[in-house]
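Novice: So the sequence lines, in the order shown, correspond to chains V and A. The first sequence finishes on residue 330 if you use numbering that gives the first Met the number 0, and the numbering steps up by one all the way, no holes. The second sequence finishes on residue 271 if you use numbering that gives the first Met the number 0, and the numbering steps up by one all the way, no holes. Sharing a structure here in structure tokens format.
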Amino acid sequence: MSISIQSISKSFGSYAALEDVSLEVPDGSLTALLGPSGSGKTTLLRIVAGLEFADSGPGKISFHGEDVSEIPARKRGVGFVFQHYALFRHMTVAQNIAFGLSVLPRVQRPQKSDIRDRVMELLKLVKLEGLDKRRPHELSGGQRQRVALARALAIRPKVLLLDEPFGALDAQVRKDLRRWLRQFHDEIGLTTLFVTHDQEEALELSDQVVVMRNARIEQVGKPQAVYDQPRSPFVYEFLGNVNKLQAGSDVRYVRPHEIEVLFAAEYEPLTDSLARVQHLFSAGPIATLTVRLNDGQFLDVELSRKQLDELALSVGDEVAVRAKPENEAVF
Amino acid sequence: MSKRRVIPGFGLSMGFTITYLSLIILIPLAALFLKAARLSGAEWWAILTTPQVIAAAKLTFGASAAAATVSTVFGLLVTWVLVRYQFPGRKFLDAMVDLPFALPTAVAGITLTAIYAPNGWIGEYLAKWGIEAAYSPLGVFIALTFIGFPFVVRTLQPVMEDFGSEYEEAAATLGAGRWTVFWRVIFPMFIPALITGFTLAFARAIGEYGSVIFISGNLPLKTEILPLLVVGQLEQFKYEAAAVIAAAMLMASFALLFLINLLQRRLNWQNH
Numbered sequence: 000m001s002i003s004i005q006s007i008s009k010s011f012g013s014y015a016a017l018e019d020v021s022l023e024v025p026d027g028s029l030t031a032l033l034g035p036s037g038s039g040k041t042t043l044l045r046i047v048a049g050l051e052f053a054d055s056g057p058g059k060i061s062f063h064g065e066d067v068s069e070i071p072a073r074k075r076g077v078g079f080v081f082q083h084y085a086l087f088r089h090m091t092v093a094q095n096i097a098f099g100l101s102v103l104p105r106v107q108r109p110q111k112s113d114i115r116d117r118v119m120e121l122l123k124l125v126k127l128e129g130l131d132k133r134r135p136h137e138l139s140g141g142q143r144q145r146v147a148l149a150r151a152l153a154i155r156p157k158v159l160l161l162d163e164p165f166g167a168l169d170a171q172v173r174k175d176l177r178r179w180l181r182q183f184h185d186e187i188g189l190t191t192l193f194v195t196h197d198q199e200e201a202l203e204l205s206d207q208v209v210v211m212r213n214a215r216i217e218q219v220g221k222p223q224a225v226y227d228q229p230r231s232p233f234v235y236e237f238l239g240n241v242n243k244l245q246a247g248s249d250v251r252y253v254r255p256h257e258i259e260v261l262f263a264a265e266y267e268p269l270t271d272s273l274a275r276v277q278h279l280f281s282a283g284p285i286a287t288l289t290v291r292l293n294d295g296q297f298l299d300v301e302l303s304r305k306q307l308d309e310l311a312l313s314v315g316d317e318v319a320v321r322a323k324p325e326n327e328a329v330f
Numbered sequence: 000m001s002k003r004r005v006i007p008g009f010g011l012s013m014g015f016t017i018t019y020l021s022l023i024i025l026i027p028l029a030a031l032f033l034k035a036a037r038l039s040g041a042e043w044w045a046i047l048t049t050p051q052v053i054a055a056a057k058l059t060f061g062a063s064a065a066a067a068t069v070s071t072v073f074g075l076l077v078t079w080v081l082v083r084y085q086f087p088g089r090k091f092l093d094a095m096v097d098l099p100f101a102l103p104t105a106v107a108g109i110t111l112t113a114i115y116a117p118n119g120w121i122g123e124y125l126a127k128w129g130i131e132a133a134y135s136p137l138g139v140f141i142a143l144t145f146i147g148f149p150f151v152v153r154t155l156q157p158v159m160e161d162f163g164s165e166y167e168e169a170a171a172t173l174g175a176g177r178w179t180v181f182w183r184v185i186f187p188m189f190i191p192a193l194i195t196g197f198t199l200a201f202a203r204a205i206g207e208y209g210s211v212i213f214i215s216g217n218l219p220l221k222t223e224i225l226p227l228l229v230v231g232q233l234e235q236f237k238y239e240a241a242a243v244i245a246a247a248m249l250m251a252s253f254a255l256l257f258l259i260n261l262l263q264r265r266l267n268w269q270n271h
């Protein structure tokens, strides 16, 4: 189901958490709400879930065209995975997953054996077969997260909402789970909205990235588009590494991999600058170079090992650097 | 024992702990048991099976359990109000909870007696219904509830304050109504703390003397509590008999507390 957010505002006292935010989340997409803390991304997610209500006004949340703004969380039919999972620690994994079905009114509640079957099916789906009798504290972080996911999916939600899904995990588990979640999403095809402050996570995982800042949406687009054509200096700086160069009163933004490094002998005065190699880091396939321009500014450059080997650089060498012009931005 | 430890001071602090526990708890208790051990098993039996002792034991443990139960139920409610809601006078109410800790128990006993006596503020109305509050087992129960109540609140309060709203929110997004959220999610998570609170209130009630003796009227076979019997024996210079009753009380309390602890251990989610 698609999610439509129309001019939502939310303030806590005098603090504005969201100001006139509108967003379309297409059916079946995996959309990332990306932004620094305090940008309003979690508040937006909670409003979509019905855990928070927008300020009165023209604002509206709809699922597949149906206005759900006034429907409380317990009747909204969303799957919500909390950052710290909020698993019920006095219940087993199976009881946790079954919770949403077991609290249905008697007439809608499935038979015990049907609930059991559904729990087993979900455990299989999240690759946790055989752990049904464990308690949450007996699981690893990654397993807990998948239990939380299975619990949220048990009620067959209209949309899936994840708050910092990988925030509480360590780096390696994070990477694995990220890939797994992408695959999982493609399998079940449920419209999913997730919150993250990690740009790498947002870019790698999502179909659509929503960059938020100071209670507003800064830019929406496919990861590639947002990364390649940032609409503001903020987005430029927030997504990936970037060099900021002062040129008169303007600031030029150039990504480290969008700079060519040439021998000083190939220097073209119109397009290039002369620089001296300040630092060289070349473990792994990508080498990082820090060069000092003649005007004293520093520039980070990324190039392949092959390029670096061809240039045969060492610290102190003079080089010519050239920004690939199509990707440079001036603000 | 020459194993190296990162945290220094084990020898010193352990030595202090053992000395301290010996002086404060072990030596007095050992003295009590030594005194009681001067009597034979048959003499023990004779003292402990007198109708007076049996009646007092029933009242002491029964009223203590009942009072601790009531304290637990209302302690939960009061803690909920103190933790969950912001209202004028909350701090004042919070401080008031501790008063039974601070008040001399005799003062509490006299005050409660004055209120619940047939001519007191509340006792007057209870009397109209034919309920005798002071000078009855009910009076004992009232006094024990008064002194046990803060233990429950103070045990539960930090646990409840740590308890984020996300469990309730998770349950809500899964479709649970408020009642279900409370009974199936919140309440079970508080059970370990409630048991601890109950245990403390119960243990305190068993040993309570000062407040009870005023309100109970100390009618033999009716409203006498075990600590009163101990004092009674002492006043008659029957030191061994007093020690026997005290030792038996101690063993019974210890057995009960130990059982409650075992029960709590079985609810093993407490520490996770």
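Beta carbons are placed, not taken as given, at the ideal position from N, Cα and C, and that holds for glycine.
Can you say whether M90 (chain V) is buried or exposed, counting buried as having 16 or more other CB atoms within 10 angstroms of its CB?
Specialist: Buried.
Novice: What first and last residue would you give for the beta strand (DSSP E) that runs through S272 (chain V)?
Specialist: From DSSP, the beta strand (DSSP E) with S272 (chain V) extends over 272-280.
Novice: Going by DSSP in three states, N270 (chain A) sits in which element: helix, strand or coil?
Specialist: Residue placement at N270 (chain A) is flagged as unreliable, the pLDDT there being 45, under the threshold of 50; a coordinate-derived value is accordingly withheld.
Novice: List in chain order: all unbroken alpha helix (DSSP H) runs of 4+ residues lying wholly within the stretch 87-120 of chain A.
Specialist: Correct list: 89-96, 98-101, 104-115.
Novice: State the Cα-Cα distance for the pair P222 (chain V) and A264 (chain V), rounded to the nearest angstrom.
Specialist: Near 38 Å, if we compare the C-alpha coordinates of A264 (chain V) and P222 (chain V).
Novice: Which chain A residues sit within Cβ distance under 7 Å of A48 (chain V)?
Specialist: Result: T172.
Novice: I154 (chain V) versus chain B: which residues are under 8 Å apart at the beta carbon?
Specialist: Within the model displayed, chain B is absent; protein chains V and A are what it includes.
Novice: At a CB-CB cut-off below 8 Å, which residues of chain V make contact with E160 (chain A)?
Specialist: In chain order: nothing, as chain V lies at least about 17 Å away.
Novice: Would you verify that the beta carbon of G99 (chain V) is, or is not, closer than 8 Å to some beta carbon of chain A?
Specialist: For G99 (chain V), the answer is yes, since a Cβ of chain A falls inside 8 Å of its Cβ.
Novice: Give me the subset of the stretch 115-133 of chain A whose CB atoms are less than 9 Å from a CB atom of chain V, sorted by chain position.
Specialist: From the stretch 115-133 of chain A, no residue has a Cβ closer than 9 Å to chain V.
Novice: Pick from V:I60, V:A322, V:D294: whose alpha carbon is nearest that of L269 (chain V)?
Specialist: When each option's Cα is compared against that of L269 (chain V), the closest is V:A322.
Novice: Considering just the uninterrupted stretch of the beta strand (DSSP E) at M211 (chain V), what are its terminal residues?
Specialist: First-last of the beta strand (DSSP E) with M211 (chain V): 207-212.
Novice: Write down the C-beta distance between V92 (chain V) and V146 (chain V) rounded to the nearest angstrom, noting that I regard them as a contact closer than 8 Å.
Specialist: Indeed they touch by this definition, with Cβ atoms about 5 Å apart.
Novice: Would you verify that the beta carbon of E239 (chain A) is, or is not, closer than 8 Å to some beta carbon of chain V?
Specialist: Judged by the 8 Å Cβ criterion, E239 (chain A) is not in contact with chain V.
Novice: Compare the Cα-Cα distances from S272 (chain V) to each of V:S10, V:I258, V:R45, V:A201 and report the closest residue.
Specialist: Cα-wise, what sits closest to S272 (chain V) is V:I258.
Novice: So, at 6 Å on beta carbons, what are the nonlocal neighbours of V208 (chain V) in its own chain, with the 5 sequence-adjacent residues on each side left out?
Specialist: Within the same chain, V208 (chain V) has close Cβ partners A31, L33, A201, P222, V225.
Novice: Per DSSP, which one or two residues make a beta bridge with G78 (chain V)?
Specialist: G78 (chain V) is bridged to V:L159.
Novice: Of the choices A:M95, A:A241, A:T222, whose alpha-carbon is the least far from that of V77 (chain A)?
Specialist: For V77 (chain A), the nearest C-alpha among the options comes from A:M95.
Novice: Hey, how far is the Cα of S231 (chain V) from the Cα of V320 (chain V)?
Specialist: Near 25 Å, if we compare the C-alpha coordinates of V320 (chain V) and S231 (chain V).
Novice: Following the continuous beta strand (DSSP E) through S3 (chain V), name the residue where it begins and the one where it ends.
Specialist: S3 (chain V) -> beta strand (DSSP E) spans 2-11.
Novice: Output the distance between the C-alpha atoms of G108 (chain A) and A133 (chain A), rounded to the nearest integer angstrom.
Specialist: Cα to Cα, G108 (chain A) sits roughly 10 Å from A133 (chain A).
Novice: Could you spell out where the alpha helix (DSSP H) holding Q60 (chain A) opens and where it closes?
Specialist: Gln is not the amino acid found at residue 60 (chain A); the sequence shown has Phe there. Segment 50-83, the alpha helix (DSSP H) holding F60 (chain A).
Novice: With distance defined between alpha-carbon atoms, name the residue in A:I46, A:T59, A:L38, A:L33 nearest to L227 (chain A).
Specialist: Among A:I46, A:T59, A:L38, A:L33, the Cα nearest to that of L227 (chain A) is on A:T59.
Novice: Using a Cβ-Cβ cut-off of less than 7 Å, list which residues of the stretch 133-167 of chain A approach chain V; keep chain order.
Specialist: Under the 7 Å Cβ criterion, the stretch 133-167 of chain A contributes E165, Y166.
Novice: Tell me the DSSP secondary structure of Y166 (chain A) in three-state form.
Specialist: Helix.
Novice: Please report the distance separating the alpha-carbon of Q82 (chain V) from that of L50 (chain V).
Specialist: Those two C-alpha atoms are separated by around 14 Å.
Novice: Could one say the Cβ of F79 (chain V) lies closer than 8 Å to chain A's Cβ atoms, at least one of them?
Specialist: Closer than 8 Å: yes.
Novice: Can you tell me the Cβ-Cβ gap for L29 (chain V) and D206 (chain V), rounded? I've got them flagged as a contact below 8 Å.
Specialist: The Cβ separation is near 5 Å, so the contact holds.
Novice: Does any residue of chain A bring its CB to less than 8 Å from the CB of F87 (chain V)?
Specialist: Output row for F87 (chain V): interface = yes.
Novice: Unbroken alpha helix (DSSP H) runs of length 4 or more, entirely within the stretch 224-248 of chain A: which are they?
Specialist: Entirely contained in the stretch 224-248 of chain A, the alpha helix (DSSP H) runs reaching 4 residues are, in chain order, 225-234.
Novice: Specify, as a first and last residue, the run of the beta strand (DSSP E) that Q218 (chain V) falls within.
Specialist: Run containing Q218 (chain V): 215-220, per the beta strand (DSSP E) assignment.
Novice: Quick one: what does DSSP say K34 (chain A) is sitting in, helix, strand or coil?
Specialist: Helix.
Novice: With distances taken Cα to Cα, identify the nearest neighbour of L220 (chain A) among A:E123, A:R264, A:P136.
Specialist: Looking at the Cα atoms, A:P136 is the closest of the given residues.
Novice: Are any of the Cβ atoms in chain A nearer than 8 Å to that of V102 (chain V)?
Specialist: Taking Cβ atoms only, chain A reaches closer than 8 Å to V102 (chain V), which makes this a yes.
Novice: Kindly provide the ranges of any alpha helix (DSSP H) runs that are 4 or more residues long and lie completely inside the stretch 214-260 of chain V, ordered along the chain.
Specialist: Counting whole runs of 4 or more residues, the stretch 214-260 of chain V contains the alpha helix (DSSP H) stretches 222-227, 232-237.
Novice: Let me confirm a value: M250 (chain A) is counted as buried when at least 16 other C-beta atoms fall within 10 Å, else exposed. Which label applies?
Specialist: Exposed, by the Cβ-count rule.
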